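Just so we're aligned, residue 1 is where the sequence shown starts under this note's numbering, counting upward by one.
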Amino acid sequence: MVLIIILAVLPLGFHNGDAKVVFSIIPMIDEIRDFIQGLKSGESWLYLQGERERPLLEDLIPYWLSSFLYLTVSAVIAVILSVLFGVFLWEKGGRLLNAVLGFTGMLPDFILVLLLQLLPVFVHKETGIKTVKVASSSMSEPAIFLPIFTLVIIPLFYLLRSLSERSHEVKGEDYILAAKAKGLRKGSIYLFHVFLNVLPFLKADLHKILSIMLGNLFIIEYLYNTRGITALLFVQQIQFGYQYNLVIFSLLSLLLLYLVSLYTLKLLLWLIERGLQR
1 MVLIIILAVL PLGFHNGDAK VVFSIIPMID EIRDFIQGLK SGESWLYLQG
51 ERERPLLEDL IPYWLSSFLY LTVSAVIAVI LSVLFGVFLW EKGGRLLNAV
101 LGFTGMLPDF ILVLLLQLLP VFVHKETGIK TVKVASSSMS EPAIFLPIFT
151 LVIIPLFYLL RSLSERSHEV KGEDYILAAK AKGLRKGSIY LFHVFLNVLP
201 FLKADLHKIL SIMLGNLFII EYLYNTRGIT ALLFVQQIQF GYQYNLVIFS
251 LLSLLLLYLV SLYTLKLLLW LIERGLQR
């Protein structure tokens, strides 16, 4: 919390002097003091949208929920596909998917988004068939498929490689060979022996995956015009000027977004693990 307060106030310490940039700590201290006082008076719970003054939480909550749904749904899809193709179907289709994702992952995010947005436009122009929305027009009519698809690609590529390597190591262990010698079905071996022993590595990678996805979320929400936390953090500042209270609450919301998404995924994996161990 203290780090976020200091980080958010740093830009206010810089101002133009005589042909040079001057740094002063006094405006920063004044801003922090006003923010703390505003928490009691209520002023810090309001923000400016042009000339209008709006309740911050009224917009922050739906924007946070939007980001949470995009991030969590994408992460769940990435985990499911990585387990399916990285553990169970690596020999059949996982290698091909890994190669395709490897090529796609080399493209910068903004180029990938541009290509994905041009494809439905091209299809509609050539065939007259509407496929998916290329951007959100409002909170009630969001683009769903393309933002989620874009968010899934990079973590899926990372997890596929990680889980396939771990699965290959596990399949060479003595207990796997013993299970095969007992005549257990291949599906049972993969599900109850390989997957359960790969699961700890998947749990350990969740922090990295969500960090990658959270970084991509900034680009995705901007280019697809989705109404998320990053829109409040960046777009509002560009359009209506820097607002210290809005930046603090947006950064805190991003931290909360990361933690809630992380423990949602951990809960999901825990439920799966408990179900398989019964």
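Yeah, the Cβ is synthetic: ideal placement off N, Cα and C, and Gly gets one too. As the structure is a prediction and not an experimental result, all values here were calculated from the model.
Query - Candidates Phe68, Ile248, Asn216: closest to Ile111 by CA position - result: Asn216
Query raised in the report: Just curious, the alpha helix (DSSP H) that Phe234 is in, first and last residue?
Result: Run containing Phe234: none; DSSP gives neither H nor E here.
Query - Residue range of the alpha helix (DSSP H) that includes Gln49 - result: Looking at the DSSP string, Gln49 is not in any alpha helix (DSSP H); the run it does join, the beta strand (DSSP E), is 46-49.
Report task. Would you grab the beta carbon distance between Leu210 and Ala75 for me? Rounded to a whole angstrom, and I think it's under 8 Å. Result -> 6 Å
**Report entry** Cβ neighbours of Thr288 in the same chain (closer than 7 Å, five flanking residues each side left out)
**Finding:** In the structure displayed, the chain extends from 1 to 278; residue 288 sits before or after that span and is not available.
Query raised in the report: Helix, strand or coil: which one does DSSP assign to Pro120?
Result: helix
Requested in this report: Please work out which residues of its chain come closer than 7 Å, Cβ to Cβ, to Phe68, disregarding the five sequence neighbours upstream and downstream, and give them in chain order.
Outcome: Leu257, Val260, Ser261
Report task. Since I believe Trp64 is in contact with Ile229 (beta carbons under 8 Å), could you give me their beta-carbon distance rounded to a whole number of angstroms? Result -> 6 Å
Report task. List the DSSP bridge partners of Arg52. Result -> Gln49
Report task. For Phe14, write down the residues that DSSP places opposite it in a beta bridge. Result -> Phe23
Query raised in the report: What does a CB cutoff of less than 8 Å around Ala143 pick up in its chain, not counting 5 residues either side in sequence?
Result: Val132, Lys133, Val134, Ala135, Ser136, Tyr224, Asn225, Thr226
Report task. Keeping to the same chain, check which residues put their C-beta closer than 8 Å to that of Tyr70; ignore five residues upstream and five downstream. Result -> Pro147, Ile148, Leu151, Leu217, Ile220, Glu221, Thr226, Gly228
Query raised in the report: Should Arg52 be labelled buried (16 or more other beta-carbon atoms within 10 Å of its own) or exposed?
Result: exposed
Query raised in the report: How long is the line joining the alpha carbons of Met139 and Tyr47, rounded to whole angstroms?
Result: 20 Å
Query - Status (buried if at least 16 other CB within 10 Å, exposed otherwise) for Arg274 - result: exposed
Report task. Take Leu39 and list the residues in its own chain whose beta-carbon comes closer than 8 Å to its own, dropping the five residues that flank it on each side. Result -> Trp45
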